[in-house]
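Just so it is clear: in the sequence shown, position 558 is 588 by our numbering, and no numbers are missing.
All residues carry an ideal CB built from backbone N, CA and C; glycine is no exception.
First comes the structure, then the notes that go with it.
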Amino acid sequence: MVNENMFSQKSKEYLSLAKEIAKKYNDYKIDTDHILLAFLSEKESPLYKIIEKRGIDTENLRNQIVKNLEQLYSQIDKAVESETQRLINLRAEIIQIKGDISELQNELKRIEEEEKRLQRALEEAKKYGDWFEEQTVSLELQRLYAIKHSYQARLKQYEETLSQVFDRGAVVKFLKGELSIDGLVKTALENSPLIEQIKDLGVSPDRVIAKISYKLFGKKPKEPEYSQYLTRVLEQAEDKAVSEKETEVKPYHIASALVEAKDYLAGKLLEQIFGGGKGEMKNISQEMKEEEKSALERFTVDLTELAKEGKLDPVVGREREINQTIEVLLRRKKNNPVLVGDAGVGKTAIVEGLAQRIVNKEVPPELQDKKILALDMAGLMAGTKYRGEFEERLKKLLDELKKDGSAILFIDEIHTVVGAGRAEGAMDMANIMKPALARGEIRVIGATTVDEYRKYIEKDPALERRFQPIYVEEPSVETTIEILKALRPKFEQHHKVKISDEAIEAAAKLTHRYVTNRKLPDKAIDALDQACARKKLSVVMPPPELQEVERQLKRLEEEIVEANLKGDFEKEAELKIKKIELEKRKNELLKKYGSVEAKINSVKEEIKKIEEEIKKAVEKGDVDKEYELKKRLIELEKE
């Protein structure tokens, strides 16, 4: 059963258009070909886009499909007329013999009643010993039996004759009076060879049945209804939406279900258009899903949404830069900030910090309803091999940004917009964006290095005028330590290790002193991440010393086998002695490192128990015990 409440507004519009197409062709059922024509009538439909993407002239294709379908409809209408006439003649014949059948059935009822009366008379004659009456009644009963059998034989003959045209079960019901003449004729329609031919074409059988029924019985629905085939397609679309955890059935769900319905008329046509097997059809469904998304959904990442979900790292020590960015965004003109600084100083982190502030409502009211969308430049340019494709994508993106007044576009490496998409005299991305930036229709936050800003942005005065640079300096060692402390929970959760304050300070100070070709805080974050990974590896992997012994043992085993095959038994004996010594060394190492591992596991178990005891102490309000337990927990974590 199709639940129309699940369908999006756009999906309902396509279904409504399909209904109008069905009315146009005098169909009382909306079938798969009607919804296909509805999709091909709209340039924004997923099917239209995916066909156009393959370099097919979609308008010409639609006209050709309409032409072929109209020819098919004409043939079906002729077949419907012929079948209707056959059923009208059949109905007239049934009406004619219905009188004879009714007369026979009435006579049989009268005979059965007379039989019952004579049976009672016979029993009474036997009871009183009236031999003459008994013989008379018996003769009359024999005569009635003969007439009854004659009538029954005639009824059986009618049954056999009708069963040659109709289903026997339906004929039996008709003779019993359980099925009307129209009901019997309808069974003939449903079992007609025409219906099987219609099924082979991929047309829903109830669509043709509805047409013939109207001509036969005058039954016409007020509005076209969904055919059996289209109902199944829509149910499949609902299943797709549910499996993708979507709250609505979108047009691409219907189009995808239509593509996969290879036994139906629309599915057959689409298979001819796209070709390919099951894998190809699956790829098309995925492509349609992508095409259904808006340009903003396809080519940007919502940083404010990530901030809501807690997926962004905390940002500390960048209050001045974030405040400067907010100030620029609040300006009436030149309100597009561009963060300029060396690689690794945390330009992207500043934008993420702004996104977190917006989510936490820690910004002026003018920015509280805004969202920051990070542009995926690679995704925007990928696959734009034909001239004009990049410009078309960018134009759609800018149009959606204009409509969505709450969106602020973040372009990392903003210098790449200069020259992006330029080919054979076409405009590059910067020139396409300039008018929208000049009119204040879109707002952009950029990020780039000092060298790239001078090389690309400053050389284009018209573009440079649209941006307000904010210079981001490398943070101090003290600020870097605060940043690392803020990131500590994330690293501990990821690597399953504990990070001490000393490790954080060492990461900041040592990288500042010795790693001169990179900037804080990026190099300190990398060093800490690397140290955590190494610590985790040392716990889960055997120590290098033990690994070396195992490698030597494996090599010795191969040499022993080789010596045995060559018959060099003296060498084999020497190698076996070496193997025994190595195995002894291996056992010593296992004992040594095994005890360390056992101790680590023991400490972990104790930490777990103490954490549970701390919870109980907090619940009971035992402050002294809580203090002692926390003190012990700190000591264990240091171990």
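Item, Value
"Between which two residues does the beta strand (DSSP E) holding G409 run?", "Element bounds for G409: not the beta strand (DSSP E) but the alpha helix (DSSP H), 407 to 411."
"Sorted by chain position, which residues of the same chain lie with C-beta nearer than 8 Å to D652's C-beta, five sequence neighbours on each side aside?", "none"
"Taking G476 as part of the alpha helix (DSSP H), name the residues at either end of that continuous run.", "Not the alpha helix (DSSP H): G476 falls in the beta strand (DSSP E), residues 473 to 478."
"Beta-carbon separation of L558 and F497 under 8 Å?", "no"
"Which first and last residues belong to the beta strand (DSSP E) in which I500 is found?", "498 to 501"
"Can you tell me whether M31 is buried or exposed? The criterion is at least 16 other CB atoms within 10 Å of its CB, across all chains shown.", "exposed"
"Around the Cβ of T546, are there at least 16 other Cβ atoms within 10 angstroms (buried) or fewer (exposed)?", "exposed"
"Can you give me the C-alpha to C-alpha distance between E613 and L583, rounded to a whole angstrom?", "8 Å"
"Take L550 as the anchor and find which of Q182, N56, L224, E512 has the nearest alpha-carbon.", "E512"
"Rounded C-beta distance between K59 and A240? I'm assuming under 8 Å.", "5 Å"
"So for F196, helix, strand or coil by DSSP?", "coil"
"When you compare the CB positions of R423 and A325, do they come within less than 8 Å of one another, or not?", "yes"
"Sort T277, K250, A291 by Cα distance to L264 and report the nearest one.", "A291"
"If you draw a straight line from the alpha carbon of E656 to that of K638, how long is it in whole angstroms?", "15 Å"
"If we count the other Cβ atoms within 10 Å of its Cβ and call it buried at 16 or more, is E351 buried or exposed?", "buried"
"Starting from P574, follow the alpha helix (DSSP H) in both directions and report where the run begins and ends.", "574 to 596"
"With H, G and I counted as helix, E and B as strand and the rest as coil, what does DSSP make of I441?", "strand"
"Thinking C-alpha only, which one of T62, L67, N93, L619 is nearest G232?", "T62"
"Buried or exposed for H524, please, with buried defined as at least 16 other CB atoms from any protein chain shown within 10 angstroms of its CB.", "exposed"
"By Cβ distance, which residues of its chain are closer than 8 Å to G470, with the 5 residues on each side in sequence left out?", "K363, N365"
"Restricting to Cα atoms, I'd like to know which of P505, H445, L360 is closest to I438.", "L360"
"To the nearest angstrom, how far is the alpha carbon of E164 from that of L138?", "24 Å"
"How do the stretch 122 to 129 and the stretch 63 to 78 stand: do at least 3 beta-carbon pairs fall below 8 Å, yes or no?", "no"
"Using C-beta distances below 8 Å, list every residue in its chain close to E443, excluding the 5 sequence neighbours before and after it, in chain order.", "M407, A477, T478, E482"
"Opposite D332 in the DSSP bridges: which residues?", "L403"
"When you compare each of L152, G435, N33, A155 to Y256 by their alpha carbons, which one comes out closest?", "N33"
"Note down, in chain order, each residue of its chain lying with its Cβ closer than 8 Å to the Cβ of E95, except the 5 sequence neighbours on either side.", "Here residue 95 turns out to be Ile, not Glu, going by the sequence shown. So the list reads L66, L67, L70, L299, once near-sequence residues are dropped."
"For a test of the three-state rule: what should DSSP assign to E392, helix, strand or coil?", "coil"
"Per DSSP, which one or two residues make a beta bridge with P367?", "Q498"
"Does the separation of the CB atoms of V507 and K566 fall below 8 Å?", "no"
"Please report the residue range of the alpha helix (DSSP H) in which P281 lies.", "281 to 290"
"Is K608 near L586, with beta carbons less than 8 Å apart?", "yes"
"At which residues does the alpha helix (DSSP H) containing K241 begin and terminate?", "235 to 247"
"Tell me whether the beta-carbon of K515 lies closer than 8 Å to the beta-carbon of A492.", "no"
"Spatial neighbours of S38 within its chain, please: CB distance less than 7 Å, with the 5 preceding and 5 following residues excluded, ordered by chain position.", "E278, V279, K280"
"What's the gap between the Cα of Y501 and the Cα of E335?", "27 Å"
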